[in-house]
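Participant: In the working numbering, the protein residues as written are 159 to 652. Where is the CB? At the ideal position from N, CA and C, for every residue including glycine.
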Amino acid sequence: MRHITHWINGKAWDGGPARTGQVYDPATGQQVASVDFASAAEVDQAVSGAVIAGRAWAKVSLTRRTDVLFGFRQLLAEGREELARIVSAEHGKIRSDAAGEAARGLEVVDFACGISELLKAEHSVGVSTDVDAYAFRQPLGVVAGITPFNFPAMVPLWMAPIAIACGNAFVLKPSERDPSASLWLAERWADAGLPEGVFQVVQGDKVAVDALLDHPGIAAVSFVGSTSIARYVYGRAAAAGKRVQALGGAKNHLVVMPDADPDVVADALVNSAYGSAGERCMAVSVAVVVGQGKAELVDRVVARGARLALGPGEDPESEMGPLVTRAHLERVLGYVDAGLDQGARLVLDGRQHPHRGEGEGFWLGPTLFDDVRPDMAIYADEIFGPVLCVMSVNSLEEALQLIDGSPYGNGASLFSNDLEAIRRFEIEVEAGMVGINVPIPVPMAYYGFGGWGESMFGDHDIYGSDGVRFYTRLKKITARPLAHRGSLNFPTNQ
Ligand code: NAD
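(1) Between E239, G383, L560, which has its C-alpha nearest T305's C-alpha?
(2) Within 10 angstroms of its Cβ, does L422 collect 16 or more other Cβ (buried), or is it exposed?
(3) Does DSSP put R514 in a helix, a strand or coil?
(4) Is it the case that the stretch 551-563 contacts the stretch 498-512, given that we only count it when at least three CB pairs across the two stretches are under 8 angstroms?
(5) Kindly give me the distance between the Cβ atoms of P544 and G436, rounded to whole angstroms, as I take these residues to be in contact under 8 angstroms.
(6) Three Cβ pairs or more, each shorter than 8 angstroms: is that satisfied between the stretch 292-301 and the stretch 613-630?
(7) For S246 versus G471, is the C-beta distance shorter than 8 angstroms?
(8) With burial defined as no fewer than 16 other Cβ atoms inside 10 Å of the residue's Cβ, what is the status of Q358: buried or exposed?
(9) Given a cut-off of 8 angstroms on the beta-carbon distance, is the pair V448 and A369 in contact?
(10) Within the chosen definition, does the stretch 169-181 reach the stretch 190-208 through at least 3 CB pairs nearer than 8 angstroms?
(11) Cα-Cα, which of V548, G609, R503, P524 is closest to H513?
(12) Decide if R335 is buried, meaning its Cβ has at least 16 other Cβ atoms within 10 Å, or exposed.
(13) Between which two residues does the alpha helix (DSSP H) containing H249 stretch?
(14) According to DSSP, simplified to helix, strand and coil, what is I585?
(15) Bridge partners of D183, per DSSP?
(16) Tell me, please, whether the stretch 249-268 touches the stretch 228-241 by the rule of three or more beta-carbon pairs shorter than 8 angstroms.
(17) What's the call for G406, buried or exposed, on a 16-neighbour Cβ count within 10 Å?
(18) Taking only the alpha-carbon atoms, compute the straight-line gap between G451 and P420 and give it to the nearest angstrom.
(19) Would you tell me roughly how many angstroms separate the C-alpha atoms of V505 and Y432, rounded to the nearest one?
(20) Spatial neighbours of L352 within its chain, please: C-beta separation below 6 angstroms, excluding the five flanking residues on both sides.
(21) I'd like to know whether the C-beta atoms of P597 and M591 end up nearer to each other than 8 angstroms.
(22) Would you mind working out which of M159, S623, V456, G616 sits nearest A378, comparing C-alpha positions?
(23) Would you identify the three-state DSSP class for H486, choosing helix, strand or coil?
(24) Which residue comes first and which comes last in the alpha helix (DSSP H) that contains K364?
(25) Please name the residue or residues paired with I594 in a DSSP beta bridge.
(26) Tell me which same chain residues have a C-beta within less than 6 angstroms of the C-beta of M312, skipping the five on either side of it?
(27) Less than 8 angstroms between the beta carbons of L522 and L487, yes or no?
(28) How big is the Cα-Cα spacing for T385 and R458?
(29) From the DSSP output, read off the bridge partner residues of G303.
(30) Mark N575 as exposed unless 16 or more other C-beta atoms lie within 10 angstroms of its C-beta, in which case mark it buried.
(31) Identify every run of the alpha helix (DSSP H) within the stretch 524-580, keeping only runs that are complete inside it and at least 4 residues long; order them along the chain.
(32) Determine the extent of the beta strand (DSSP E) in which F294 is found, giving its start and end residues.
(33) Leaving out five residues before and five after R389 in sequence, what residues of the same chain have Cβ atoms less than 8 angstroms from its Cβ?
(34) Tell me whether the beta-carbon of Y605 lies closer than 8 angstroms to the beta-carbon of V266.
(35) Compare the C-alpha of V482 against each of R160, K169, M159, G250 and name the closest.
(36) Go ahead and pull the three-state DSSP assignment for E200.
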């Protein structure tokens, strides 16, 4: 059985007996590894090492920092398939999906490679007689990233490259359900020449998270996960005086206008609702049909969904993998029961879907509920599985109101060629990330990622220029380069 542990000061941690968790192959249900859960004392070791390393790293020239970023980029690009295999083995997603995750992470590294341009400062000459004003950004020190199971490579890559490029040290607490990708990333950082201690990994659960949130050595926390934990992390870390960005869960709507092509929409829904078994914060979980086309669309989605090949992530024939753990599968199955109990119409039952897995894997096929109402649990809650809800409304206005009524505001999408509808949707929809004739998109690395409402607490998006602002603080200088005697009066700006 593999043993997964922390990465502290440039090497795997050798800390003796620890509390541990189990890591599974979701396709077989077999335990494949055990993962150490860090104690508060071990988190303190990681943070203390990062504090020392971070002080030195902040003084390393931009040129050298950029060199390391380019080196890391190269290793990530070369190792993408290996990383995809590691992700797929513990998460369950199919290999091509895992490779896509690595590719989207790589885009953020590309962005961070331009850090010299991103950190260019401002300088005003002669704001008063012989006086200049200027401002520049400095790193915060040590920042923590706490990440979810569903993108064990991409979400850490949303954070660490920018934090490190800005001159910070970074402590990652990945999900305990698929922890191996974090160590692969740590090794690549080391291979790229990043000094020991600048990228640390502590494995674990709430104990490790709380230790990071309370630690005086941590200046800022980036969190991605479910809404209830995001709210908790935001409150606790902010109360400890830290800068926080905490991204939460989602219930993403895709609105179908009467002019939309039902085949195009059905393809988009199948990819977005069932890809990665619905375990994406950008998955569409509600299709809202404006007007009369619901039956026609449902038929098309059911036909496509029923044909999807369910199988282990490593099997090139598989189009969809299993769910991540048995506990998560049971939670999702509970929602299928709740949908039936509350009167939704189950038109595609994923519990009956054949799969190619062996053993006791965590399987659920594409599932579709029609005639869903806003008061049902399957509509109100984030299910985070391959369960799509379909409902109809009479107008775009009603669709916008429905979306506005959801506490989440991660993403929303519209399918239409009607320019007036598109414009109205772009302007009025209550969501942070919007797709037009594409399912919910993950924005490019230079635009930033962040939802609205209960999908995000904090005021800086992850990555993009907001990422640079989040991981730096502004220092404002007023200087008289030619020192000479002045009066003791308050300056009058002349
Ligand atoms: P989660 O909230 O259970 O866990 C996220 C992190 O928090 C993990 O590192 C976990 O160890 C830690 N954690 C869990 N319980 C904790 C507790 N009680 N106290 C302190 N820390 C705790 O989320 P998950 O199940 O790993 O991931 C799925 C969720 O993440 C979904 O809700 C999904 O929508 C969300 N997500 C959001 C985005 C986004 O960008 N908004 C992206 C990816 C995933």
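Facilitator: So, from the listed chains and residues:
(1) In the sequence shown, residue 305 corresponds to position 147, counting from 1. For the residues E239, G383, L560, the minimum Cα distance to T305 belongs to G383.
(2) Within the sequence shown, numbered from 1, the residue matching residue 422 stands at position 264. Position check: residue 422 holds Val in this sequence, whereas Leu was assumed. Its Cβ having fewer than 16 others within 10 Å, V422 is exposed.
(3) Mapped onto the sequence shown, residue 514 falls at position 356. It is coil, neither helix nor strand.
(4) no
(5) On the sequence shown, position 386 is the one that residue 544 refers to. On the sequence shown, position 278 is the one that residue 436 refers to. Right, the Cβ-Cβ distance comes to about 4 angstroms (below 8 angstroms), so this counts as a contact.
(6) yes
(7) Here residue 246 refers to the residue found at position 88 when the sequence shown is read from its first residue. Here residue 471 refers to the residue found at position 313 when the sequence shown is read from its first residue. Yes; because the gap between Cβ atoms is below 8 angstroms, this pair is in contact.
(8) The residue given as residue 358 occupies position 200 in the sequence shown. By the neighbour-count rule (16 or more Cβ atoms within 10 Å), Q358 is buried.
(9) Taking the first residue of the sequence shown as 1, we reach residue 448 at position 290. Taking the first residue of the sequence shown as 1, we reach residue 369 at position 211. No.
(10) yes
(11) As a first step, residue 513 is located in the sequence shown; it is residue number 355 there, counting from the start. Taking the Cα of H513 as reference, the smallest distance to any Cα among V548, G609, R503, P524 is reached at P524.
(12) Working through the sequence shown from its first residue, we reach residue 335 at position 177. Flag for R335 reads buried.
(13) The residue you call residue 249 lines up with position 91 of the sequence shown. Taken as a continuous stretch (DSSP letters only), the alpha helix (DSSP H) holding H249 covers 238-249.
(14) Numbered from 1 along the sequence shown, position 427 holds the residue referred to as residue 585. Note: I585 maps to helix in three-state DSSP.
(15) Within the sequence shown, the letter at position 25 stands for residue 183. DSSP, once it has assigned bridges, lists Q188 as partnering D183.
(16) yes
(17) Here residue 406 is taken as the residue at index 248 of the sequence shown, counted from 1. So G406 counts as buried.
(18) Walking along the sequence shown from the start, residue 451 turns up at place 293. Walking along the sequence shown from the start, residue 420 turns up at place 262. Whole-angstrom Cα-Cα distance: 8 angstroms.
(19) The sequence position of residue 505 within the sequence shown is 347, counting from 1. The sequence position of residue 432 within the sequence shown is 274, counting from 1. When rounded, the separation of the alpha-carbon atoms in V505 and Y432 is 15 angstroms.
(20) Along the sequence shown, read from residue 1 onward, the residue named residue 352 stands at position 194. Cβ within range, chain order: V226.
(21) Stepping through the sequence shown from its first residue, residue 597 is reached at position 439. Stepping through the sequence shown from its first residue, residue 591 is reached at position 433. No, Cβ-Cβ distance for P597 and M591 is not below 8 angstroms.
(22) Counted from its first residue, the sequence shown places residue 378 at position 220. Checked all of M159, S623, V456, G616; the closest Cα to A378 is G616.
(23) Position 328 of the sequence shown, counted from the start, is the residue given in the question as residue 486. DSSP places H486 in helix when its eight states are reduced to three.
(24) If you number the sequence shown from 1, residue 364 lands on position 206. Note, K364: alpha helix (DSSP H), 364-372.
(25) For the purposes of this step, residue 594 is taken as residue 436 along the sequence shown, with counting starting at 1. Per DSSP, L572.
(26) The residue labelled residue 312 in the question sits at position 154 within the sequence shown. These residues qualify, in order along the chain: E259, R262, G263.
(27) Numbered from its first residue, the sequence shown carries residue 522 at position 364. Numbered from its first residue, the sequence shown carries residue 487 at position 329. Their beta carbons are under 8 angstroms apart, which means L522 touches L487 by this criterion.
(28) On the sequence shown, position 227 is the one that residue 385 refers to. On the sequence shown, position 300 is the one that residue 458 refers to. T385 and R458: Cα-Cα distance of roughly 33 angstroms.
(29) Your numbering for residue 303 matches position 145 in the sequence shown. The partner list for G303 (beta bridge, DSSP) reads L330, S380.
(30) Residue numbering aside, residue 575 sits at position 417 when the sequence shown is read from its first letter. Label assigned to N575: exposed.
(31) 535-538, 554-563
(32) Residue 294 sits at position 136 when you count from the first residue of the sequence shown. That run of the beta strand (DSSP E) goes 289-297.
(33) In the sequence shown, counting from the first residue as 1, residue 389 sits at position 231. Cβ neighbours of R389 beyond the five flanking positions: A404, G406, E612, F615.
(34) On the sequence shown, residue 605 is found 447 positions in, with the first residue counted as 1. On the sequence shown, residue 266 is found 108 positions in, with the first residue counted as 1. Cβ atoms of Y605 and V266: not closer than 8 angstroms.
(35) Translated into the one-based positions of the sequence shown, residue 482 becomes position 324. Checked all of R160, K169, M159, G250; the closest Cα to V482 is G250.
(36) Working through the sequence shown from its first residue, we reach residue 200 at position 42. For E200, the secondary structure class from DSSP, reduced to helix, strand or coil, is helix.
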